[in-house]
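Asker: Line by line, the protein sequences give chains A and B. Per the working numbering, residue 3 is the first one in the first sequence, and the count goes up by one each step. Per the working numbering, residue 3 is the first one in the second sequence, and the count goes up by one each step. We put the beta carbon where it would ideally sit given N, CA and C, even for glycine. Handing you a structure now.
There are 2 protein chains.
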Amino acid sequence: MSAPGLQALATDEARLLRVLDRTFEGWGVDGGAESMMMPVLLPVADLARLDFYDNFPHQAMLAVQLDLQKWDSRPTTGVQSFDPSVLEPALLGLPSAACFAVYLSMQGERLTDNIRVTVLGNCFRREERYEGLRRLLSFRMREIVALGDKEHVDAHLAEYGNRISAFLTALGLPFEIQAATDPFYDRGGQRALLQKLSPVKQEFIVEDLAIASMNIHRNFFGERCDIRSATTNSPVFTGCVAFGLERWLSVLYSHFGDWASAAAMVEKAALASFGKGI
Amino acid sequence: MSAPGLQALATDEARLLRVLDRTFEGWGVDGGAESMMMPVLLPVADLARLDFYDNFPHQAMLAVQLDLQKWDSRPTTGVQSFDPSVLEPALLGLPSAACFAVYLSMQGERLTDNIRVTVLGNCFRREERYEGLRRLLSFRMREIVALGDKEHVDAHLAEYGNRISAFLTALGLPFEIQAATDPFYDRGGQRALLQKLSPVKQEFIVEDLAIASMNIHRNFFGERCDIRSATTNSPVFTGCVAFGLERWLSVLYSHFGDWASAAAMVEKAALASFGKGI
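This is the structure in structure tokens:
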């Protein structure tokens, strides 16, 4: 498997990824999150409704079927690719972030409470170039998502932001928190103004790599997916913390020098990160 | 998310799926398996080399990028699908089984020992119709794969077959083992003859649904992927046991009546399934 951006994880790498994922999932469950699982594919129509193809057309990957009439049963020996002319229209997309599926799976819901949801998503981003575990086409993202009123989302990001900082500190990983932009809110005068006043995306940078982020979506997904408060009937606010798991592998390996040491240190820091509430 | 064949798993379903997956992964690790992780996408050229598009063109799903030149920046509001004319050629495929990635990731290797590998794969099958958790487009498959000499593969399937039977019996799930055919070996005189003499695929059927299978590939993947014995230089034999995890959810829910009872019974049966060696 020599394709750029695709990488198999051997036992030691896979073990560390699982330890990290269980830790972050556990943080979510600690905070009352429902731990769900999502399908890998999402309907194009749904992603389009979230402005995905306006904002990220360069990253977009579609899932499409062979048109059996057009393909017929030509011999496939030596085939390197399929021409678009033998493909059916693309009805499904491969998401670039894990939380889209959460909002889409909750379409039309009326929430009686502030809630949290955590998911491990397979994510896909077409890039100009790929780079080891730092930049992949097919990668894994753990997210802990908050849905509810604005105060709930603000508290969620503050609490989990602190937890990430404490965890990185316990691991001895030097990091910075940097404001970033998110194209979901670049357009429209009021949103653009708001974004200038308060950043909607903050990233945890280790070794020049964003390994985690905190994201404020305001009520964008609540509106688009018709997820509302049962009491006020207003679209919910949402926000998430996201962990790029292969990127964590990359910086941990680089910092600790081997997979076993990295896993031992993460296990230790993870243990200390529980039992304090959030 | 109303698309046929795509289903989100809520907390209770996801919990049961994880218990099942940890159990089957644990059986693999018990038997010395390396527990790896694979990218979701695989190169079309590699899958074609495994005769995938000859054998399963009707199931095939491709992953493809938007052609930004052709798509330009048309507004995507209300978009339901993308026409093939705005897609790039498809270089990547979505696999229909978890073990393809294992053989492809080991291309060119020379094995000094008989080995086992276990993976949880996201799998994709285009179907005429989808049906709840019984028949999905995007689903999860745990596999435990054996690579080595023929005796190793035969012993692997016998041992894990017994383990599956014992587990189903402990759960009180009535099951049958049925021989099935596998298109990888339908063609060519000698292979077709061999298949008639001894079945290459056996399925565990519960409630008319194949929830697990045992598969003999002979040295097909060893040949195609140039995975050889370091001592004899012959292509290795391979075989796998595979678990369709959402299908297990479906029959367990139906049998036990609710998710919590099903999870409790599976935890109990899983505990009893360890510590006996294989």
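How long is the line joining the alpha carbons of Ile280/A and Leu43/A, rounded to whole angstroms?
Answerer: Low local confidence applies: a pLDDT of 48 at Ile280/A is under 50, so the model's placement there is unreliable, and no value is given.
Asker: Taking the C-alpha atoms as reference points, what is the distance between Arg144/B and Ser215/B?
Answerer: 11 Å
Asker: If you run the structure through DSSP and keep just helix, strand and coil, what is Ala148/A?
Answerer: strand
Asker: Does Leu89/A have its Cβ less than 8 Å from a Cβ in chain B?
Answerer: yes
Asker: Can you tell me which of Ser83/B, Arg128/B and Ala103/B puts its alpha carbon nearest to the alpha carbon of Leu70/A?
Answerer: Arg128/B
Asker: Step through the CB atoms of chain A and report whether any lies within less than 8 Å of the CB of Phe84/B.
Answerer: yes
Asker: State yes or no: is the beta carbon of Asp23/A nearer than 8 Å to at least one beta carbon in chain B?
Answerer: So, not an interface residue.
Asker: What residues in the segment 29-40 of chain A have a beta carbon less than 7 Å from any beta carbon of chain B?
Answerer: Near chain B, meaning a CB-to-CB distance below 7 Å, the residues of the segment 29-40 of chain A are Glu36, Ser37, Met38, Met39 and Met40.
Asker: Please report the residue range of the beta strand (DSSP E) in which Thr120/A lies.
Answerer: Here the beta strand (DSSP E) through Thr120/A covers Ile117 to Phe126.
Asker: Using a Cβ-Cβ cut-off of less than 8 Å, list which residues of the segment 108-137 of chain A approach chain B; keep chain order.
Answerer: Result list: Gln109, Asn124, Phe126 and Arg128.
Asker: Roughly how many angstroms separate the alpha carbons of Ile179/A and Trp29/A, rounded to a whole number?
Answerer: 20 Å
Asker: Measure from the C-beta of Asp228/A to each C-beta in chain B and report whether the shortest distance is under 8 Å.
Answerer: no
Asker: Looking at the secondary structure, which residues open and close the alpha helix (DSSP H) in which Gln71/A lies?
Answerer: Leu70 to Trp73
Asker: Apart from the five residues just before and just after His257/A, which ones in its own chain have a Cβ nearer than 7 Å to its Cβ?
Answerer: Leu175
Asker: Within 8 Å, do at least three Cβ pairs link the segment 159-175 of chain B to the segment 111-125 of chain B?
Answerer: no
Asker: Is Leu170/B close to chain A? Criterion is C-beta to C-beta, closer than 8 Å.
Answerer: no
Asker: Any beta-carbon of chain B closer than 8 Å to the one on Gly279/A?
Answerer: Low local confidence applies: a pLDDT of 49 at Gly279/A is under 50, so the model's placement there is unreliable, with the coordinate-based value given in what follows. Answer no: the Cβ-Cβ gap between Gly279/A and chain B never drops below 8 Å.
Asker: Report all residues from its chain with a CB closer than 8 Å to the CB of Val21/A; omit the five preceding and five following residues, and keep chain order.
Answerer: Ala265, Val268, Glu269 and Ala272
Asker: Using CA coordinates, which residue listed in Leu11/B, Ala168/B and Glu36/B is at the minimum distance from Val147/B?
Answerer: Glu36/B
Asker: Beta-carbon of Leu11/A versus every beta-carbon of chain B: anything under 8 Å?
Answerer: yes
Asker: Which same chain residues, not among the five before or five after Phe276/B, have their C-beta less than 7 Å away from its C-beta?
Answerer: Cβ within range, chain order: Gly28 and Asp32.
Asker: Would you check if the segment 217-227 of chain A and the segment 99-109 of chain A touch, i.e. whether three or more CB-CB distances between them fall below 8 Å?
Answerer: yes
Asker: Is it a yes or a no for the segment 87-106 of chain B touching the segment 235-254 of chain A, going by three-plus beta-carbon pairs under 8 Å?
Answerer: no
Asker: To which residues of the same chain is Ala232/A closer than 8 Å at the C-beta, ignoring the five residues directly before and after it?
Answerer: Arg112, Leu113 and Thr114
Asker: Give me the residue from Asp56/A, Leu68/A and Cys227/A with the minimum Cα distance to Ser2/A.
Answerer: Outside the shown range of chain A, which is 3 to 280, sits residue 2/A, and nothing can be said about it.
Asker: Tell me whether the segment 77-88 of chain A and the segment 8-17 of chain A touch, counting them as touching only if at least three CB pairs, one residue from each stretch, are closer than 8 Å.
Answerer: no
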